[in-house]
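**Student:** Throughout the sequence shown, residue numbering follows this note's numbering, covering 656 to 935 in sequence.
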Amino acid sequence: MPRTGSTHEPNERTKVTLPEVGRLYAEGTKLTMITAYDATFARLVDLAGIDVILVGDSVGMVLQGEANTIPVTLDEMAYHVRLVAKARPKAMIAGDLPFGSYQVSPQQAVESSIALMKAGAECVKLEGGVSMAETIAAITRVDIPVVGHIGLTPQSIHRMGGHRVQGKRSGFEAGGRERLLEDAHAVEQAGAFAVVLEGIPRDLASEIRNKLSIPTIGIGAGPDCDGQVLVLHDVLGLSDRTYKFSKAFAALGEQAIAGTAAYAADVRNGVWPDDQHSFH
Ligand code: KIV
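(1) Since Leu729 and Tyr692 are thought to touch, with beta carbons under 8 Å apart, how far apart are those beta carbons, to the nearest angstrom?
(2) Excluding the 5 residues preceding and the 5 following Lys902 in the sequence, name in chain order all residues of the same chain whose CB lies nearer than 6 Å to its CB.
(3) Considering only residues of the stretch 658-740, which uninterrupted beta strand (DSSP E) runs meet the minimum length of 3 residues and lie entirely inside it, listed in chain order?
(4) Name the DSSP bridge partner or partners of Ala770?
(5) Of all the options Ala829, Ala906, Ala793, which has the alpha carbon lying nearest to the alpha carbon of Leu891?
(6) Among the candidates Ala911, Asn666, Leu686, whose CA atom is the shortest distance from the CA of Leu673?
(7) Could you spell out where the alpha helix (DSSP H) holding Thr915 opens and where it closes?
(8) On a Cα-Cα basis, can you pick out the residue from Ile748, Leu702, Gly775, Gly755 that is closest to Arg737?
(9) Decide yes or no for the touch test of the stretch 822-839 against the stretch 797-811: beta carbon pairs closer than 8 Å, at least 3 of them.
(10) Where do the N-terminal and C-terminal ends of the alpha helix (DSSP H) with Gln940 fall, by residue?
(11) For a quick check, are the C-beta atoms of Gly750 and Leu771 less than 7 Å apart?
(12) What number of angstroms, rounded off, separates the C-alpha of Met656 from the C-alpha of Arg678?
(13) Excluding five sequence neighbours on each side, which residues of the same chain lie with their C-beta closer than 8 Å to the C-beta of Glu789?
(14) What do you reckon, is the C-beta of Ser713 under 6 Å from a heavy atom of the ligand KIV?
(15) CA-CA distance, Leu616 and His735?
(16) Check Lys866 in the structure and name its three-state DSSP category.
(17) If you reduce the DSSP assignment to three classes, tell me which class Gln762 lands in.
(18) Roughly how many whole angstroms lie between the Cα atoms of Tyr898 and Val785?
(19) Starting from His804, trace the beta strand (DSSP E) both ways and give me its first and last residue.
(20) If you count every other CB in all the chains shown that lies within 10 Å of the CB of His888, and 16 or more means buried, which is it?
(21) Report the rounded CA-to-CA distance for Pro856 versus Glu675, giving the unit in angstroms.
(22) Within the present structure, is the beta-carbon of Thr690 separated from the nearest heavy atom of the ligand KIV by less than 6 Å?
(23) Label Thr871 either buried or exposed according to how many other C-beta atoms from any shown protein chain fall within 10 Å of its C-beta, with 16 as the threshold for buried.
(24) When we look at the beta-carbon of Gly683 and count the other beta-carbons within 10 Å, is it buried (16 or more) or exposed?
(25) Using only alpha-carbon positions, find the residue among Glu843, Leu893, Arg698, Thr795 that is nearest to Glu909.
(26) Whole angstroms are fine: how far does the CA of Asp930 sit from the CA of Gly715?
(27) Could you spell out the range, first to last residue, of the alpha helix (DSSP H) harbouring Asp889?
(28) Near Leu885, which residues of its chain fall below 7 Å by C-beta distance, leaving aside the five closest residues on each side in sequence?
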């Protein structure tokens with residue numbers, strides 16, 4: 656079955672489910688994850704053959720113009736999950752639990768996870784390691800698959816003092832190298848089926864990857880992880896910033912400006928619409 660297609664082809668690849676993720680991991684196929692926040696882009700990345708669509712709380716920075724992910728609410732996440740689910744992607748849909756929707760108690764986390772699952776998520780992601788083990792266990796206990804997320808966890812921006820690479824120095828305190836190894840084990844033991852490793856040195860990501868038996872999905876964690884995730888707008892060249900850990904694989908921003916400018920020029924010059932695009 657082809658894993659890519661044009662925007663006009665029906666998407667006939669098989670649905671990516673939890674067992675399918677396990678199968679891909681077991682056979683050593685790198686997992687591909689990308690963010691999307693609406694039905695249009697969910698459909699496009701699905702046609703591109705992505706394995707997992709992450710409806711990330713990065714929506715706060717990417718679509719809402721916020722400086723960080725802290726303001727994003729559970730209702731907003733449920734809304735964006737619902738939009739992505741409308742595309743009925745073959746990719747698995749991961750719903751990101753936003754700040755404040757799971758840190759209060761495991762019960763709050765279960766209730767928030769249920770809200771995202773009802774909106775169309777097929778698993779949830781949350782940030783934190785050792786401190787979130789009980790919470791991850793509570794969510795998986797009600798059969799909601801969980802993706803962990805450790806390292807540079809954007810919801811911890813105020814503890815980290817910015818979006819800073821973690822695990823550079825030794826230590827068991829939050830963000831220390833040994834602590835991140837503990838975090839990774841805690842997330843796995845709590846029942847997460849995969850873990851995002853964000854903003855950590857390549858050698859540490861590699862060590863974690865070699866010690867875990869669940870897929871590691873890297874962003875700013877080097878090439879040795881079992882899969883990779885990036886933010887869609889960075890990949891498509893729609894962001895106004897570039898990052899060391901990311902890459903624009905397309906230049907849609909430039910195309911959007913050129914296309915819109917061409918339209919505006921034709922309107923101003925009186926050549927749009929022409930007779931061919933008029934009703935008679
Ligand atoms: O919200 C998000 O987009 C994320 C990814 C960057 C991992 O958490």
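Yeah, the Cβ is synthetic: ideal placement off N, Cα and C, and Gly gets one too.
**Tutor:** Quick look at the numbers:
(1) That belief does not hold up - the Cβ atoms of Leu729 and Tyr692 are roughly 15 Å apart, past 8 Å.
(2) none
(3) 686-690, 707-710
(4) Bridge partners of Ala770: none, in fact.
(5) Nearest C-alpha to Leu891: Ala906.
(6) Leu686
(7) 907-923
(8) Gly775
(9) Yes, since at least three Cβ pairs between the stretch 822-839 and the stretch 797-811 fall closer than 8 Å, the two stretches touch.
(10) The structure shown does not extend to residue 940, since the chain is modelled only from 656 to 935, so the question has no answer here.
(11) yes
(12) Bear in mind that the predicted position of Met656 carries a pLDDT of just 41, short of 50, making it too unreliable to give a figure here.
(13) Pro761, Ala845
(14) yes
(15) There is simply no residue 616 to check, as the chain begins at 656 and stops at 935 in what is shown.
(16) helix
(17) helix
(18) 28 Å
(19) 801-806
(20) Residue environment for His888: buried (at least 16 other C-beta atoms within 10 angstroms of its C-beta).
(21) 29 Å
(22) Relative to the ligand KIV, the nearest heavy atom lies less than 6 Å away from the CB of Thr690.
(23) The residue is buried, with at least 16 neighbouring Cβ atoms inside 10 Å.
(24) exposed
(25) Leu893
(26) 43 Å
(27) 887-890
(28) Once the five neighbours on either side are set aside, the close Cβ partners of Leu885 are Ile689, Ile874, Ser901.
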